[in-house]
Amino acid sequence: MWDPKSKIIILILPFLIHNGGAFTRIDPLVETKLGLIRGLRASDGDYSMFMGIPYATVNESNPFGPSKPHPGFDETFEAYDDSSVCPQVEEFVSPWGLLGYEPDTSAPLKLAENLGLPTSDTDEALEFLARTDLKLVLASAIELNLQLRPCVEQHFDDVETFIYDYPINIQNSNLGRMPILIGHTSDEMSGFFERTTSEEYAVLNVFYDTLKDAFNFENDDLVEMETYIRHFYIGDEAFSAEVEQDLTIFASDFNFNYPAVRTINKYVNNGATNVYYYVFSYDGDRPFFKILNNITSPGAGHADEIGYLFDVSFMDQKPSDEDQLIIDRITSLWTNFAKYGQPVPQVTELLPVQWPAVTKQTQYYLNIDSELEVKKRIFKQRMTMWNLFYKINEKFQIGYRDTDE
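Here's what the structure looks like:
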C-alpha cells in the first residue's frame, strides 16, 4: 500500500503457505511467477533473507486501488540489503503458528477431489489446482477446514530449505542491528469466551487441551502440569462464566503475551540491539476486531490497533478527538520506524516520551493508551511463571531438538 502523506510503501507479507504452490523452493532460490529470486547470504552462509522482492508495483494514478503486476524478469533477481528496511514482526514461537503442526501432505489431493478431480497423483492434483480459479480453491480449503500454517520442510540432498527447523532450536540468527518492532494488545483474547454457554463450559478443558497441543507430555505428566496451570489462573473454581476473565488472561498469555516475550528474548540473545516492544492498551471507538466480530468485552483485543493504523471501510464515522490523537500518535510511531529505524527519533509534543529499545538487562515497552508511557517487564509475575514452566519442560516442547545432537 502507498501512503502519499508519509511517502512510504507498506508491505503486508503473509506466510508463504498455500494450497497448491505459487512458490517453489529451488536451492538458495525462490521460484515465482515473475522469475527466480535469490536471497541474501547471511554471515553463516545461509540464504536467509528475501528483502526487496518485487511482487507488485503501486498504480500511481490510483494508489489506493489494486496494485499493478510487476514486470517479469528474465535473469535471477538478487534481493538487496538495505539497512533502512525495518520489518514489523510477530511472535514466531506462537503455539498457533509453526509449533506442533505436521504438514498435511494430502491437502492437494483433498482439494482436487472436492473440486471434481479424484486422484492419487499429487503432481496431477497440483497442476489441476493451478488451473482452477483461486476463489474456488480458497472456498474449498475453508469447506474442508484445512489448516494453513507454515511447517518445517523435509530435508533433501543438495536442496536448501527455507524453514529448516523449529524456531525454538535456532540459536544464531545474526540479526545484528536490524530494527525490529514487535508487540501485542493488552487483552489479546478479549471476547474469546464471551459467547460460551453453560453447556459448553461444562465440557471445557482449555488448560489440558492447550498444553496437549504444545507439549509432548506423557498423560500423567500432562495431568500434573495442567493442574499447576489451572490452579495458577482459576484456583479451585470450575469452568464457568465466573472465571471468564481469568480464562481470557490465560489464553492471552499462552497465545500472544508470552510468545512475544520469548521472541524478544530470542532476538536480543541473538544479537539484536534495536528491538522496540509495544503494548496497545487503548480501548476507544475504533477497535477493529471487536467491531468486525461484534465483541462487547472490555479491553484492547486482538488486532484492535488496526482501526487506528488504517482507514477501515466499515468505520465511516469521524474519529473522536481522543481517537484522532491515538491515530496521529501510532501512525507517527510506525512511520518513523519505517523511515528511520526508530519510532521516536526526536521527542515532540505529539510523541512526548523517548522509547528505548529492549536490552538484555531491561525489557522496556511502550504502553500505547490515552497517554504514552514507557514501562518495564509487562505482566511480570505471569511471564516469570511461564519462563519457569518452559525452562522446566523445555525438552517436552513439540519440535524441540537437543542442540548437542
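Residues 1 to 405 in the UniProt record's numbering are what the sequence shown lists, from first letter to last.
We treat Cβ as the ideally placed atom computed from N, Cα and C, and that holds for glycine.
Assigned secondary structure, residue i (DSSP; H/G/I helix, E/B strand, else coil)
i           : result
His231      : helix
Tyr201      : helix
Leu333      : helix
residue 407 : Given that the chain is displayed from residue 1 to residue 405, the structure contains no residue 407 and the question cannot be resolved.
Gln397      : strand
Glu224      : helix
Phe215      : strand
Phe310      : coil
Phe239      : coil
Gly52       : Interpretation of Gly52 is limited by its pLDDT of 46, a score under 50 that renders its predicted location unreliable; no figure is taken from the coordinates.
Glu113      : helix
Inter-residue spacing [alpha-carbon to alpha-carbon] between residue i and residue j
i      : j      : result
Asn114 : Gln324 : 48 Å
Val358 : Phe193 : 33 Å
Thr296 : Gln154 : 44 Å
Gly271 : Gly183 : 19 Å
Val206 : Ala241 : 14 Å
Val223 : Ile229 : 10 Å
Pro287 : Gln317 : 13 Å
Trp386 : Tyr258 : 7 Å
Val152 : Ser120 : 24 Å
Leu309 : Tyr278 : 14 Å
Ile392 : Leu350 : 45 Å
Thr161 : Pro167 : 14 Å
Ile264 : Pro118 : 46 Å
Met383 : Pro356 : 21 Å
Val353 : Lys360 : 21 Å
Ile234 : Gly341 : 42 Å
Phe217 : Leu109 : 32 Å
Asp104 : Gln171 : 28 Å
Ala141 : Ser190 : 27 Å
Thr227 : Lys266 : 28 Å
Pro179 : Trp334 : 12 Å
Asp312 : Leu146 : The sequence shown places Val at residue 312, rather than the Asp named in the question. Approximately 28 Å between the Cα atoms of the pair.
Phe128 : Ile163 : 26 Å
Ile326 : Ser281 : 11 Å
Asp123 : Ser332 : 48 Å
Ser252 : Asp285 : 22 Å
Lys376 : Lys395 : 29 Å
Thr348 : Met315 : 29 Å
Tyr201 : Leu148 : 28 Å
Pro345 : Asp221 : 50 Å
Thr197 : Thr362 : 42 Å
Asp165 : Phe256 : 21 Å
Arg329 : Ala107 : 44 Å
Ala260 : Asn269 : 14 Å
Cβ-based burial, residue i [other Cβ within 10 Å; buried from 16]
i           : result
Arg262      : buried
Leu388      : exposed
Phe156      : exposed
Glu237      : exposed
Ala130      : exposed
Glu188      : buried
Ser320      : exposed
Val374      : exposed
Ser186      : buried
Arg401      : exposed
residue 482 : Look at the range of the chain in this structure, 1 to 405, and you will see that residue 482 is not part of it.
Gly116      : exposed
Lys290      : buried
Leu111      : buried
Val275      : buried
Leu134      : exposed
Ala125      : buried
Pro298      : exposed
Val159      : exposed
Val137      : buried
Cβ of residue i within 7 Å of any chain D Cβ
i      : result
Gly271 : No chain D is part of this structure, which consists of one protein chain only.
beta-carbon residue i near the ligand MN non-hydrogen atom, thresh 6 Å
i      : result
Asn219 : Among the components modelled here there is no ligand, and therefore nothing to report on the ligand MN.
Please give the ranges of any beta strand (DSSP E) in the segment 116 to 197, keeping only runs that are unbroken, at least 3 residues long and fully inside the region.
180 to 185
Between the segment 366 to 375 and the segment 241 to 254, do three or more beta carbon pairs fall short of 8 Å?
no
Taking only runs that begin and end inside the segment 327 to 387, name each unbroken beta strand (DSSP E) of 3 or more residues, in chain order.
364 to 368, 372 to 376
Quick one: any contact between the segment 204 to 213 and the segment 303 to 311, if contact means 3 or more CB pairs under 8 Å?
no
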